[in-house]
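Peer 1: I'd like to ask some things about the structure below.
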């Protein structure tokens, strides 16, 4: 009873069927969850993320009474999160569900750079919003003189430029693969392996 019946194994599905020895796509039991259900759930999450951030962007941009230093930070963070939902999440969804990257090496670098940059930008925004709220709560009498529009502009400049240089510099210089070159070569799924 413990013998393995190789005749009943499902045929392996490769990321690139025309390439011998390309990476295998993940097999998921249909009773637990299906690929289509995961796609629908994640697509709904992406659409809700887009709509929520667009509502924030439109609200702050449209109504003059919402033009405050804190809300400009919030507007910039909503823009960042909208870009994450448009640029990063759809491709990450495909990679996560299919366990395959179909878009080539250059776009992988661009996608990874955007992912790191936009997520780090969002984190920087949260930090600067925390600084803004700290002064608003702990030093309310001096808040207006400490958190001015030039300070917010500096916060925004730092929030966008530092992550951009860190992400693009790290990915395109190859610093992100130092020490794992052999692993990357062994898991390359875009070409046939000659081993």
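Numbering (the working numbering), first residue to last: 607 to 801. Heads up, the beta-carbon is just placed ideally off N, CA and C, and yes, glycines get one too. Values in this document were obtained by computation on a predicted structure and should not be read as measured data.
(1) For the putative contact between residue 720 and residue 694, defined by C-beta atoms under 8 Å, what is the C-beta separation to the nearest angstrom?
(2) How many angstroms separate the CA atom of residue 718 from the CA atom of residue 777?
(3) Are there 16 or more other CB atoms within 10 angstroms of the CB of residue 755, so buried, or fewer, so exposed?
(4) Kindly indicate which three-state DSSP category residue 650 falls into: helix, strand or coil?
(5) Candidates 705, 770, 746: which alpha carbon is nearest residue 728's?
(6) Taking the Cβ atom as the reference point for each residue, do residue 682 and residue 765 lie within a distance shorter than 9 Å?
(7) In angstroms, rounded to a whole number, what distance separates the CA positions of residue 709 and residue 744?
(8) Skipping 5 residues on each side, what residues in its chain have a beta carbon closer than 6 Å to that of residue 782?
(9) Would residue 787 be called buried (16 or more neighbouring beta carbons within 10 Å of its own) or exposed?
(10) Rounded to whole angstroms, what's the CA-CA distance from residue 698 to residue 664? Just pull it up for me.
(11) Can you give me the start and stop residues for the alpha helix (DSSP H) that residue 732 sits inside?
(12) Excluding the 5 residues preceding and the 5 following residue 761 in the sequence, name in chain order all residues of the same chain whose CB lies nearer than 7 Å to its CB.
(13) Out of 645, 656, 746, 677, state which residue places its alpha-carbon closest to the alpha-carbon of residue 759.
(14) Helix, strand or coil for residue 749, going by three-state DSSP, please let me know.
(15) Can you tell me where the alpha helix (DSSP H) with residue 768 in it begins and where it stops?
(16) Can you tell me where the alpha helix (DSSP H) with residue 678 in it begins and where it stops?
(17) Beta carbon of residue 696, beta carbon of residue 738: below 9 Å?
Peer 2: Taking the definition as stated:
(1) Here residue 720 refers to the residue found at position 114 when the chain shown is read from its first residue. Here residue 694 refers to the residue found at position 88 when the chain shown is read from its first residue. 6 Å between Cβ atoms; contact.
(2) Locating residue 718 in the chain shown gives position 112, where the first residue counts as 1. Locating residue 777 in the chain shown gives position 171, where the first residue counts as 1. Using only the alpha carbons, I get a separation of about 7 Å.
(3) Residue 755 sits at position 149 when you count from the first residue of the chain shown. Flag for residue 755 reads exposed.
(4) Counting from 1 along the chain shown, the entry for residue 650 is found at position 44. If DSSP states are grouped into helix, strand and coil, residue 650 belongs with the helices.
(5) Position 122 of the chain shown, counted from the first residue, corresponds to residue 728. Of the candidates 705, 770, 746, the one whose C-alpha sits nearest the C-alpha of residue 728 is 770.
(6) Translated into positions along the chain shown, residue 682 becomes position 76. Translated into positions along the chain shown, residue 765 becomes position 159. It is a contact, given that the beta carbons lie within the stated cut-off.
(7) Here the question's residue 709 lines up with position 103 in the chain shown. Here the question's residue 744 lines up with position 138 in the chain shown. Going from the Cα of residue 709 to the Cα of residue 744 covers about 49 Å.
(8) Reading the chain shown from its first residue, position 176 is the one you call residue 782. Cβ within range, chain order: 776.
(9) Taking the chain shown and counting its residues from 1, one reaches residue 787 at position 181. Its Cβ having fewer than 16 others within 10 Å, residue 787 is exposed.
(10) As a working note, residue 698 is residue 92 in the chain shown. As a working note, residue 664 is residue 58 in the chain shown. If you take the alpha carbons of residue 698 and residue 664, they lie about 27 Å apart.
(11) For this step, residue 732 is matched to residue 126 along the chain shown. Run containing residue 732: 711 to 744, per the alpha helix (DSSP H) assignment.
(12) Residue 761 sits at position 155 when you count from the first residue of the chain shown. Closer than 7 Å at the Cβ level, and outside the excluded window around residue 761, lie 679, 734.
(13) Within the chain shown, the letter at position 153 stands for residue 759. Ranking the options by Cα distance to residue 759, first place goes to 677.
(14) The sequence position of residue 749 within the chain shown is 143, counting from 1. Helix, per DSSP.
(15) In the chain shown, the residue the question calls residue 768 occupies position 162. In the DSSP annotation of this structure, the continuous segment of the alpha helix (DSSP H) that includes residue 768 starts and ends at 755 to 779.
(16) For the purposes of this step, residue 678 is identified with residue 72 of the chain shown, where counting begins at 1. 675 to 689 is the span of the alpha helix (DSSP H), which, as asked, contains residue 678.
(17) To locate residue 696, count along the chain shown from 1; it is residue 90. To locate residue 738, count along the chain shown from 1; it is residue 132. No, Cβ-Cβ distance for residue 696 and residue 738 is not below 9 Å.
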